[in-house]
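Number of protein chains: 2
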Amino acid sequence: MGAEDLSMTLTRRDFSRLSAMAALAGALPKIGAQAADKENAGRKLRWCIVGLGRISMDHFMPAVELSKTGKITALVSGHREKAEKQAAMYNVPSPSIYSYDNYDEIRQNKEIDAVYIALPNSMHAEYTIRAAKAGKHVLCEKPMATSVADCKAMVEACHKARVKLMIAYRCQYNPLHLKAIELIRSGAIGQVQAIESAFGFPIQAGEWRLNRKMAGGGPLMDVGIYSLNACRYLTGEEPGEIKANSSTIDHDGRFDEVEENDGWTMKFPSGILASCTTTYGGDTGGGGFFKVHGSKGWLAMEPAFPYQGKHLTAHIAGGQDIDEPEPDKDPWDFVRQADHLAECVWSNQEPKTPGEEGLRDIQLMSQIYLAAGLRPL
Amino acid sequence: MGAEDLSMTLTRRDFSRLSAMAALAGALPKIGAQAADKENAGRKLRWCIVGLGRISMDHFMPAVELSKTGKITALVSGHREKAEKQAAMYNVPSPSIYSYDNYDEIRQNKEIDAVYIALPNSMHAEYTIRAAKAGKHVLCEKPMATSVADCKAMVEACHKARVKLMIAYRCQYNPLHLKAIELIRSGAIGQVQAIESAFGFPIQAGEWRLNRKMAGGGPLMDVGIYSLNACRYLTGEEPGEIKANSSTIDHDGRFDEVEENDGWTMKFPSGILASCTTTYGGDTGGGGFFKVHGSKGWLAMEPAFPYQGKHLTAHIAGGQDIDEPEPDKDPWDFVRQADHLAECVWSNQEPKTPGEEGLRDIQLMSQIYLAAGLRPL
């Protein structure tokens with residue numbers, strides 16, 4: 115059974131979705147213009163999708179279709195029938211459908227430039243390293259892996275193979291998140307003092323995310339990582355002191371292997387404090403939030419981390435208040451990610467969110483687990 | 115110099131405010147009806163106000179005037195002129211104006227039933243104990259004191275003197291906060307898993323709150339206590355594991371004696387986790403917030419802790435969403451507190467927020483300071 119079979123309950127979808135996407139594309143501003151510059155006009159980064167779960171089928175693959183910089187040329191799945199259906203939708207030729215067994219053969223496929231890895235966390239390392247060895251660039255979903263050692267091996271393999279490794283921190287490519295960062299850096303709310311953030315949802319039984327071996331840990335790995343990563347990019351600093359608690363309230367079988375809740379507080383070098391929670395048991399309103407308290411105002415995103423519908427508000431002393439809902443529809447954050455890797459490949463630059471960025475979060479989550487008395491990553 | 119001189123910058127006010135209050139009273143629903151029952155109809159708890167700062171003059175004294183259960187019959191101040199002006203407004207006879215020196219003479223004043231203590235934190239213990247020795251009931255502002263030992267001495271003194279001791283946790287008398295508690299207890303949002311809360315403001319130089327001896331500590335003592343207390347009454351549990359950080363970012367003289375920021379995370383016996391921050395350097399929107407994440411929905415109050423303008427929202431799975439702004443105008447939370455002590459005195463019952471409640475927060479804040487590497491209380 116392919117890994118992605120465990121990863122999600124699939125909704126039936128069909129070709130009509132692509133027409134809808136095409137219509138959507140026409141209605142939204144074109145991005146990726148930087149990449150589609152003179153030199154690269156019409157050029158496409160050719161993507162091999164590794165793992166056909168919700169995030170691939172509902173978000174990333176439609177995004178590649180929408181982007182000016184990419185096209186889908188290959189698929190990797192344990193489910194031949196599902197893969198064939200997707201292949202038909204994206205005009206992927208039958209020989210370019212791979213299984214996990216013959217995945218290494220992508221090396222011989224000259225129609226593949228990069229892979230998008232959307233597998234259970236524990237498989238990220240292996241499939242990234244195999245892609246690197248096949249000479250393909252990698253966009254890997256977060257969390258980067260389930261251990262610090264795996265992250266380091268991934269970075270090393272991609273470095274050795276001279277392929278790009280980018281971790282899919284989609285919020286770092288989102289205009290509202292970028293605006294929040296810019297406002298903070300510009301001093302609009304003065305010196306940041308404190309941050310709170312949370313993200314979580316009541317998880318359903320049976321998800322691979324509840325399997326320790328596949329997930330690495332509980333909500334921190336999956337959704338808490340958004341709060342952690344946000345605290346880092348909002349402050350532009352790396353946390354020092356980390357204190358944490360962890361708990362499991364529901365003994366209904368879901369949390370036999372991973373924790374249900376994590377709460378932690380971090381101190382950054384400048385003195386900024388951030389307190390967060392993440393939960394697989396509670397409702398955080400669908401998209402979580404962050405709030406940033408500065409000496410001259412505050413800034414908040416709520417919801418902060420959903421695929422669409424983010425909302426930025428800010429109060430700036432002596433300035434104009436900000437109340438800005440996200441205009442974009444899903445999957446534009448994914449389009450931006452696809453565009454970014456294409457740009458990096460074509461200009462031979464490091465991605466904004468390289469393997470080292472993913473590694474840093476894994477190291478920090480490991481510290482959080484350790485501080486909470488749990489097993490480190 | 116009287117202690118209250120240090121405690122606040124005074125705004126000039128005059129008799130016209132009382133007329134405004136009277137008009138306001140007519141426009142708002144009468145409360146305190148329970149106290150004003152047949153037996154006690156027309157009966158008044160006679161208040162001696164100890165400390166003429168903002169909270170007394172702007173909030174509590176107008177509240178007593180609005181209540182059906184109380185009247186102001188005495189004042190204690192280090193500023194004779196200020197006291198005489200207030201005395202004139204509330205028809206307090208000149209002999210019932212006391213200084214800190216002759217405060218103990220309130221014992222002989224049969225027109226005083228209770229004292230309201232609104233002095234810098236470090237003076238709460240002494241003035242509560244002296245009131246108890248004078249046979250007067252006590253409503254003492256939060257935080258109860260600046261040390262665990264002081265809190266215990268206050269409880270003991272009031273117990274020995276058989277007077278009531280109530281700590282002014284106004285939010286525990288606020289209908290929206292009570293509704294939040296009731297919704298949670300009723301199971302509306304299912305099992306609570308995680309909570310976040312913050313409260314703070316950029317403090318001005320020169321406040322007594324920045325003097326360690328008078329304040330006991332930084333923002334935790336003054337505003338963080340709201341988040342701490344809320345986490346306790348929202349969960350109905352006492353926190354076990356407490357982890358914390360503390361910091362001072364601004365070296366502009368304000369924080370020579372107390373910390374600027376605190377961040378902490380708590381684990382309750384059921385497994386509920388709560389992560390909070392408090393700040394004297396950052397803007398939390400004027401009133402702070404709390405968010406409660408349950409297995410079947412969420413509940414939030416934002417702003418949560420201002421004198422007026424609180425706003426409750428909740429999402430209840432399968433139920434109707436709640437979006438309820440506070441209808442009350444200040445000073446109704448103060449009216450409810452005055453009414454509550456009157457009821458307790460007349461029915462010889464323990465206040466809902468007795469000395470033991472204040473002591474518990476001081477013990478917990480001491481643990482937070484200790485966990486953050488600061489001096490415990």
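Chains as they are written, first to last, in my numbering: chain A, 115 to 491; chain B, 115 to 491. Ideal Cβ placement from N, Cα and C applies to all residues, glycine included. These figures come from a predicted structure and were not determined experimentally.
Beta-carbon within less than 6 Å of PRO490/B's beta-carbon, same chain only, minus the 5 sequence neighbours each way: which residues are those?
SER480, TYR483 and LEU484
Looking at THR427/B and PHE313/B, is the spacing between their C-beta atoms short of 9 Å?
no
Considering only the alpha carbon of each residue, which of GLN434/A, MET415/A and ARG244/A lies closest to LYS424/A?
MET415/A
Label ASP366/A either buried or exposed according to how many other C-beta atoms from any shown protein chain fall within 10 Å of its C-beta, with 16 as the threshold for buried.
exposed
Per-residue burial, HIS273/B [other beta carbons within 10 Å of its own, 16 or more giving buried]:
exposed
Mind the definition here: the segment 357-375 of chain B touches the segment 303-311 of chain A only if three or more C-beta pairs lie below 8 Å; say whether that holds.
yes
From what residue to what residue does the beta strand (DSSP E) around THR427/A run?
425-430
Boundaries (first-last residue) of the alpha helix (DSSP H) holding GLY176/B:
One point to set straight first is that residue 176/B is Pro, not Gly, in the sequence displayed. First-last of the alpha helix (DSSP H) with PRO176/B: 175-180.
Beta-carbon contacts of PRO333/A that lie in its chain and below 6 Å, excluding the five residues immediately before and after
GLY314, THR392, THR393 and TYR394
Quick one: is GLU195/A buried, meaning 16 or more other Cβ sit within 10 Å of its Cβ, or exposed?
exposed
Determine the extent of the beta strand (DSSP E) in which GLU438/B is found, giving its start and end residues.
436-439
DSSP three-state assignment for THR362/A, whether helix, strand or coil
coil
Interface partners of THR349/A on chain B, CB under 7 Å
By Cβ distance, chain B contributes nothing, its closest Cβ being about 12 Å from THR349/A, past 7 Å.
N-terminal and C-terminal residue of the beta strand (DSSP E) that THR391/B is part of:
387-393
Inter-residue CB distance, GLY396/B and HIS407/A (contact presumed, cutoff 8 Å):
3 Å
Check this for me: beta carbons of MET280/A and GLN451/A, under 9 Å apart or not?
yes
Using the Cα positions of GLN434/B and TRP446/A, report the straight-line distance between them to the nearest angstrom.
32 Å
Closest residue to ASN343/A among LEU233/A, ASN359/A, HIS173/A and GLU470/A (Cα-Cα distance):
GLU470/A
Using DSSP with H/G/I as helix, E/B as strand and the rest coil, what is VAL372/A?
coil
Any Cβ of chain A within less than 9 Å of the Cβ of MET135/B?
Note that MET135/B scores a pLDDT of 48, beneath 50, so its modelled location is shaky; the value from the coordinates is reported in the next line. With 9 Å as the cut-off, MET135/B does not count as an interface residue toward chain A.
Compare the C-beta of PRO465/B against all C-beta atoms of chain A and say whether one is closer than 9 Å.
no
Keeping to the same chain, check which residues put their C-beta closer than 7 Å to that of GLY184/A; ignore five residues upstream and five downstream.
LYS158, LEU159, TRP161, VAL178, ALA452 and ALA456
Using the beta-carbon count (16 or more within 10 Å), is SER461/B buried or exposed?
exposed
Can you find the residues in the same chain that come closer than 7 Å, C-beta to C-beta, to VAL277/B, ignoring five residues on each side of it along the sequence?
ALA246, GLY249, LYS250, HIS251 and VAL252
Among the residues of its own chain, which have a CB less than 6 Å from the CB of ASP437/B, if the five just before and after it don't count?
THR427
Considering Cα atoms alone, identify which of LYS443/B, GLY472/B, GLN463/B and GLU355/B is closest to HIS173/B.
LYS443/B
Beta carbon of VAL229/A nearer than 9 Å to that of VAL164/A:
yes
With DSSP collapsed to three states, give me the class of LEU279/B.
strand
Per DSSP, what kind of secondary structure is CYS349/B in: helix, strand or coil?
Looking at the sequence shown, residue 349/B is not Cys but Thr. Three-state result, THR349/B: helix.
Where GLN463/A falls, given that 16 or more other Cβ within 10 Å makes a residue buried
exposed
Please confirm if GLU321/B has its CB atom under 9 Å from at least one CB of chain A.
no
In angstroms with no decimal places, state the Cα-to-Cα distance between ARG299/B and ASP227/A.
56 Å
For chain B, find out if any of its Cβ atoms is closer than 9 Å to the Cβ of PHE448/A; answer yes or no.
no
Taking 6 Å as the limit between beta carbons, can you name the residues of its chain near LEU290/B, skipping five residues before and five after?
LYS424, LEU426 and GLU440
Assuming HIS407/B is part of the beta strand (DSSP E), what are its boundary residues?
403-408
Just the chain B side, please: which residues come within less than 7 Å of ALA155/A by C-beta, in chain order?
Neighbours of ALA155/A on chain B: none; closest Cβ ~47 Å, over 7 Å.
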